[in-house]
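Asks:
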Amino acid sequence: MDGKETGSALIGQILARERKWQGEWAKARLFEADPDAREKFFCTFPYPYVNGLPHVGHLFTIMRVEALARYRRLQGKNVLFPQAWHATGSPIATAARRVAEGDEKQIKILKDMGVTDAEIGDFARPEHWIAYFVPRYKEDLSAVGLSIDWRREFHTTSLNPHYDAFIRWQFAILKEKGYVQQGEHPVVWCPKDNAPVGDHDRKEGEGETPKEFLWGKFRLRGSDLILMAGTTRPDAFLGQTNMWVDPKATYAIVAVGDEKWVVGKKAIAKILEQHAQAEQIGEIPASELVGKWVKGPAVDYEICVVPARFIDASVGSGIVYSALEDPVDLLEIRTLQSDPARIAEHGLDPEIVARLRPIPIIEVPGMGADLGDDIMREYGISSYKDRKKVEEAKGELNRRVFRKGVMRGNCGKYAGMPVPDAQREIIKDTIAAGDAAMFYELTGRVVCRCQTESIVKVVSDQWFLTYSDPEWKRQARDALAQVALYPEKVRAQFDHVLGWLGDWACTREYGLGTRLPWDERWLIESLSDSTVYMAYYTIAHRIKEIPPASLTREFFDYVFLGKGEKPALLGGADAGALREEFGYWYPLDFRNSGKDLVQNHLSFMLFNHCAIFPKAQWPRGIGVNGWVTVNGQKMSKSLGNVIPVRALLAQFGADATRITILNGGEGLDDPNWDSDFARAIAGKLDMLIRQAGDAAQATGGPTPMDAWLRSRTHAIMRDVTAAMERTDFRTAIQLALFEYSAAMRWYAQRTLGGPDARLLRDALRAQLTMLSPFVPHACEEAWRALGEGGFASAARWPESDASLIDDDEDLAEELVREVAESLRKGAQKGRIAKATLYLAADWKREAYARFDDIAQRTRNPDEISRTLALTPLGGYGDELGKLVRYLAKGRTPGRVLSADEERSRLESAKEYLSHEAGGAAIEIRAAGEGDSKKADAGLPGRPAIEIEQ
RNA sequence: GCAGGGGUAGCGAAGUUCGGUCAAACGCACAGGACUUAAGAUCCUGGGGCCUCGUGCCUUCGUGGGUUCAAAUCCCUCCCCCUGCACCA
């Protein structure tokens, strides 16, 4: 039999064991949570999108919920851990359509997930994706041994009329409170399909989005024409000096509302797509504009229209305004100013042209008033022909202005504002004043699957959740203030997000989901139908028995808000029981997700709870974690290292998988899946079970080491408990598994195999209980081997008894450990006949104590020496100096044991020490006893050792 | 670019809040030893350099500076990695 087969036999055994315990738990209904007299704990993992199977990334996030759920259960809480499935949105619908179209790529994706040829056809129907993936997803999570109450399982969308009714209720309330409003919204649009082009529908240009451009209105003197100039720098309106036009172009005159806009001809289509009615009513050559005066936004003076070689009438609006700030503009105006022939040719007034120069409006620290000149000097630019340098300089200047710029005193109400703030304000003000309009450009080329190039279209009847609403934001901040965050560090990010979140387009035209109750043309978008559904879990198992026809506004109002009379239900269910159950479980105590959801889902959850529920029902805890890496590598489809959960289970079993993933990291760091660790841990778990069996057979009575083991294990229990409270599961595992086991080993060594049987079993029981959130199957097995009844998963979390924790015990064992180590080393060099231990002199102990005292205020070695020299210890001169130098290196001693304490500990450890020294005789002497040169060399906690061979 | 989080030994990862007990916990991997017929498991030991082997010296915590008697830890510069920047799950 080769190694491989042995391995697979072993894993078979492990899997069988795990299945057995999962069966036992189910039989005992251990995880089915119903309201009772106990304190409750309600925790969730966001329902996954069911277009695939769980992988190691999902596993980490859900395991954090699982570990906490099991921990709280052991603490005696009534824990609800439910799970449901998300099908809302377009990916499944799109993928199903592709299957219907026979798309090879899509079919291959399904086959890679184990779908057979015969089954493929079924996936043309979106609902089949739910029917297929939900049971398999559940199978995987069950095989992990998660303590989920599966009775409450459900899936989203209109395919589940109960949930559908719930979401319609939620939106009815949001609408009523004014949090859903219609407005304009730019979307990437296919002119041929006449439909939005989502990322999934693109042949080219994934991730490209519409970018804002403000078009400023520059009104022509003595005319009703308005020159439109696009800009990304509206702050520069305040320093505007002139207009640029393309001298060779002929511009279009377009009627927009009751205004006549002058734009490049290509811009007409853009106006049509992004604004209402527009009609070309004429045209005007650039030559008729050059030399004319216009009045632009945000200032009260007029500026002159000037030709520029770099302007292309087919880009943007075709017209640009200038503040003569950046190198491109500056170089252009200077070449014009030094070219009288060209000035004449365009019929410009040379004096006016000569007067054109920048108006400093922005202060950038470290730069002079003339930003353009400054940056050109820095880049050593002398001519516009230095194209590359000019572009670089322009970019750098823009960056500096945006990052560090502040509006100068001449900027009126914007004076003193950082540039980004000023931009925001100016956009708002100029649009409000009718002096500007917002337009969009794509950040890059987008091509629809139908081969047509996409454009930006402004949809005017899109529905929004108004997350920009100041009052709503204020409430969300309140909700954030009262929520516990794990880790607390993410609060900064949440703070930022709540401020930054704007209105959210919450409806879609295409996909799966719930129809907007008052405008059935629209589907509710997937991030918006999952914001308060945790409440639905509390009644999910009971609501299934109620006919959908009974799920009215009044029903949900009563159950979730306690409003109105108890409604009578079809089918005889009692709405009062649902109301009670909701009241018992809500609010949510813990929700955990990856850090990517902070900026949408988790923040939305806070907002929507504020909108719908009273403060007492707002979420209490949010956990956030990093992104899993696999054996140190980033996980990605292209690297092919996205490991499905089922593959991990098959290779390592549930327990090893569970503990490995949680041991991979904590906090916001990206956790790492370490296959080597997973392989190694399986053996350790078996050992735990064997140890439990051995402990059950042990018969010994009390030993001198018992106080130490109690102290040590209770200290670890205390620390594990603290780590669990912080959801620092990695720390908890390190302590409960490795530190705790190390303590047990030391105890075994020191008692030379004769442990106190009761203490040993107590200690082991506590360890198994602490480990059961991580490796529950092995713990159950060990639990029974230990002779315990019931389940480790239903045991009582060990409570640390502070009165048993004695730091002196550790100190004393440290001493033994130190001596034993020296003896072992000595014994390696040759047989030891006798070892004599010389304890430290009392003056050294006093020096340690005084050093410790002084170190409270200073660690400066000179100062400490000087202070100590003034005490009676000063008489030890050089020796004292050496000691201080040694201690000042950083070894702050803290407490030291007395000579008597050291002596008695070493006496009681004599047998052990002798054993470690290969049977040598051990003698313990006071400092200076006898005439060995080692006699005075002992230090507190470190006796000098004289070895005779 | 902006916001947030990171960069410590072959690898993973503590330590950074409050500067000094940090050549750096713990684990994995590796090496040596014990046990064993052997392998595995288990247990013990070791892992920057130097030697006078110690209460020794030197060198290290992304880079380069600074503050301090003392910096992985505080301040500044730069480089690199992760997440998000929206209507998408």
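According to the working numbering, the stretch in the first sequence is residues 16 to 964, in order. Glycine is no exception: its CB is placed at the ideal position from the N, C-alpha and C atoms.
Can you say whether G27 is buried or exposed, counting buried as having 16 or more other CB atoms within 10 angstroms of its CB?
Replies: On the first sequence, residue 27 is found 12 positions in, with the first residue counted as 1. Label assigned to G27: exposed.
Asks: Distance check for G896 and G890, CA to CA, integer angstroms please.
Replies: For the purposes of this step, residue 890 is taken as the residue at position 875 of the first sequence. For the purposes of this step, residue 896 is taken as the residue at position 881 of the first sequence. Distance between the alpha carbons of G890 and G896 is about 11 Å.
Asks: Between N875, I561, L883, which lies nearest to R865 when the distance is taken from Cα to Cα?
Replies: Taking the first residue of the first sequence as position 1, residue 865 is located at position 850. Comparing Cα-Cα distances from R865 to each of N875, I561, L883, the minimum goes to L883.
Asks: In this structure, what does DSSP give as the bridge partners for R234?
Replies: Residue mapping note: residue 234 aligns to position 219 of the first sequence, counting from 1. For R234, which the question treats as bridged, DSSP gives the partners I241, K310.
Asks: Exposed or buried, which one is I554 when buried takes at least 16 other CB atoms within 10 Å?
Replies: For this step, residue 554 is matched to residue 539 along the first sequence. By the neighbour-count rule (16 or more Cβ atoms within 10 Å), I554 is buried.
Asks: Sort E535, I268, F138, Q98 by Cα distance to I296 and report the nearest one.
Replies: Position 281 of the first sequence holds residue 296. When each option's Cα is compared against that of I296, the closest is I268.
Asks: At the level of alpha carbons, what is the spacing between D5 and V278?
Replies: Limits of the chain in this structure are 16 at one end and 964 at the other, which puts residue 5 out of reach.
Asks: Give a yes or no on whether the C-beta atoms belonging to V379 and R415 are separated by under 8 Å.
Replies: For the purposes of this step, residue 379 is taken as residue 364 along the first sequence, with counting starting at 1. For the purposes of this step, residue 415 is taken as residue 400 along the first sequence, with counting starting at 1. For V379 and R415, yes; Cβs fall inside 8 Å.
Asks: For the putative contact between E340 and G387, defined by C-beta atoms under 8 Å, what is the C-beta separation to the nearest angstrom?
Replies: Walking along the first sequence from the start, residue 340 turns up at place 325. Walking along the first sequence from the start, residue 387 turns up at place 372. With a Cβ gap of about 5 Å, E340 and G387 count as contacting.
Asks: Suppose only complete runs of 4+ residues qualify. What are the alpha helix (DSSP H) ranges in the segment 561-617, listed by chain order?
Replies: Fully enclosed alpha helix (DSSP H) runs of 4 or longer: 568-576, 590-600.
Asks: Taking the runs of the alpha helix (DSSP H) that are 4 residues or longer, which of them lie wholly in the segment 70-151?
Replies: Listed in chain order, they are 71-89, 106-116, 119-127, 132-135.
Asks: Cα separation between G424 and T445?
Replies: Translated into the one-based positions of the first sequence, residue 424 becomes position 409. Translated into the one-based positions of the first sequence, residue 445 becomes position 430. Rounded to the nearest angstrom, the two C-alpha atoms are 20 Å apart.
Asks: Report the residue from H930, G715, K578, G231 whose alpha carbon sits nearest the alpha carbon of G449.
Replies: As a first step, residue 449 must be located in the first sequence, where it is residue number 434. The residue with the shortest Cα to Cα distance from G449 is G231.
Asks: Take Q197 and list the residues in its own chain whose beta-carbon comes closer than 6 Å to its own, dropping the five residues that flank it on each side.
Replies: Working through the first sequence from its first residue, we reach residue 197 at position 182. Same-chain partners within the cutoff: D476, W478.
Asks: Tell me whether F571 is buried or exposed, calling it buried when 16 or more other Cβ atoms sit within 10 Å of its Cβ.
Replies: For this step, residue 571 is matched to residue 556 along the first sequence. Buried is the call here.
Asks: Check the DSSP bridge columns for K849 and list the partner residues they point to.
Replies: As a working mapping, residue 849 is identified with position 834 in the first sequence. K849 is bridged to A936, E963.
Asks: Which of helix, strand or coil does DSSP assign to P201?
Replies: Within the first sequence, numbered from 1, the residue matching residue 201 stands at position 186. Correct three-state label for P201: strand.
Asks: Can V65 and V202 be called in contact, C-beta distance under 8 Å?
Replies: As a working mapping, residue 65 is identified with position 50 in the first sequence. As a working mapping, residue 202 is identified with position 187 in the first sequence. For V65 and V202, no; Cβs fall outside 8 Å.
Asks: Let me confirm a value: K19 is counted as buried when at least 16 other C-beta atoms fall within 10 Å, else exposed. Which label applies?
Replies: Position 4 of the first sequence, counted from the start, is the residue given in the question as residue 19. Unreliable positioning characterises K19 in this predicted model, as indicated by a pLDDT of 36, which lies under 50. A coordinate reading is not provided.
Asks: In whole angstroms, what is the alpha-carbon distance linking Y178 and K630?
Replies: Here residue 178 is taken as the residue at index 163 of the first sequence, counted from 1. Here residue 630 is taken as the residue at index 615 of the first sequence, counted from 1. For Y178 and K630, the distance between alpha carbons rounds to 24 Å.
Asks: Could you tell me whether the Cβ atoms of R697 and A722 are closer together than 8 Å?
Replies: In the first sequence, residue 697 corresponds to position 682, counting from 1. In the first sequence, residue 722 corresponds to position 707, counting from 1. Note that residue 697 corresponds to Ala in the displayed sequence, not to Arg. Contact flag unset, no.
Asks: Under a Cβ-count criterion, where at least 16 other Cβ atoms within 10 Å of its own Cβ denotes burial, should P365 be classed as buried or exposed?
Replies: Numbered from its first residue, the first sequence carries residue 365 at position 350. Exposed is the call here.
Asks: Cutting at 6 Å between CB atoms, please list the residues of its own chain near V321, excluding the five before and the five after it.
Replies: In the first sequence, residue 321 corresponds to position 306, counting from 1. Answer for V321: N257, listed in chain order.
Asks: Alpha carbon to alpha carbon, how far is P602 from N93?
Replies: As a working note, residue 602 is residue 587 in the first sequence. As a working note, residue 93 is residue 78 in the first sequence. Cα to Cα, P602 sits roughly 14 Å from N93.
Asks: What is the rounded straight-line gap between the Cα of I806 and the Cα of E814?
Replies: By 1-based counting over the first sequence, the position of residue 806 is 791. By 1-based counting over the first sequence, the position of residue 814 is 799. The sequence shown places Phe at residue 806, rather than the Ile named in the question. Rounded to whole angstroms, F806 to E814 spans 18 Å at the Cα level.
Asks: Is G638 helix, strand or coil by DSSP?
Replies: Here residue 638 refers to the residue found at position 623 when the first sequence is read from its first residue. Three-state DSSP puts G638 in a strand.
Asks: So, helix, strand or coil for R773, using DSSP?
Replies: To locate residue 773, count along the first sequence from 1; it is residue 758. Three-state DSSP puts R773 in a helix.
Asks: Residue range of the alpha helix (DSSP H) that L700 falls in?
Replies: Taking the first sequence and counting its residues from 1, the one referred to as residue 700 is at position 685. It spans 690-712 - the alpha helix (DSSP H) in which L700 sits, taken as one unbroken run.
Asks: Between which two residues does the alpha helix (DSSP H) containing W487 stretch?
Replies: Working through the first sequence from its first residue, we reach residue 487 at position 472. 485-496 is the span of the alpha helix (DSSP H), which, as asked, contains W487.
Asks: Near M453, what residues of its chain come up, given a Cβ to Cβ distance below 8 Å and the 5 sequence neighbours on each side ignored?
Replies: Residue 453 sits at position 438 when you count from the first residue of the first sequence. So the list reads E227, F228, L229, W230, I442, I446, once near-sequence residues are dropped.
Asks: Between the segment 775-788 and the segment 744-757, can you find at least three pairs of beta-carbon atoms closer than 8 Å?
Replies: Flag = yes, the segment 744-757 and the segment 775-788 touch.
Asks: Label P211 either buried or exposed according to how many other C-beta atoms from any shown protein chain fall within 10 Å of its C-beta, with 16 as the threshold for buried.
Replies: By one-based count along the first sequence, residue 211 stands at place 196. P211 comes out buried.
Asks: Please look up how many angstroms separate the CB atoms of V643 and D689, rounded, as I've assumed it's under 8 Å.
Replies: Your numbering for residue 643 matches position 628 in the first sequence. Your numbering for residue 689 matches position 674 in the first sequence. The Cβ separation is near 11 Å, so there is no contact.
Asks: Among residues of its own chain, excluding the 5 on either side of G579, which ones have a beta-carbon nearer than 8 Å to its beta-carbon?
Replies: Position 564 of the first sequence holds residue 579. Excluding sequence neighbours, G579 sits near E569, D572, Y573.
Asks: Identify the continuous beta strand (DSSP E) that holds P2 and give its terminal residues.
Replies: Look at the range of the chain in this structure, 16 to 964, and you will see that residue 2 is not part of it.
Asks: Is Y266 near A301, with beta carbons less than 8 Å apart?
Replies: Here residue 266 is taken as the residue at index 251 of the first sequence, counted from 1. Here residue 301 is taken as the residue at index 286 of the first sequence, counted from 1. The answer is yes: Cβ separation under 8 Å.
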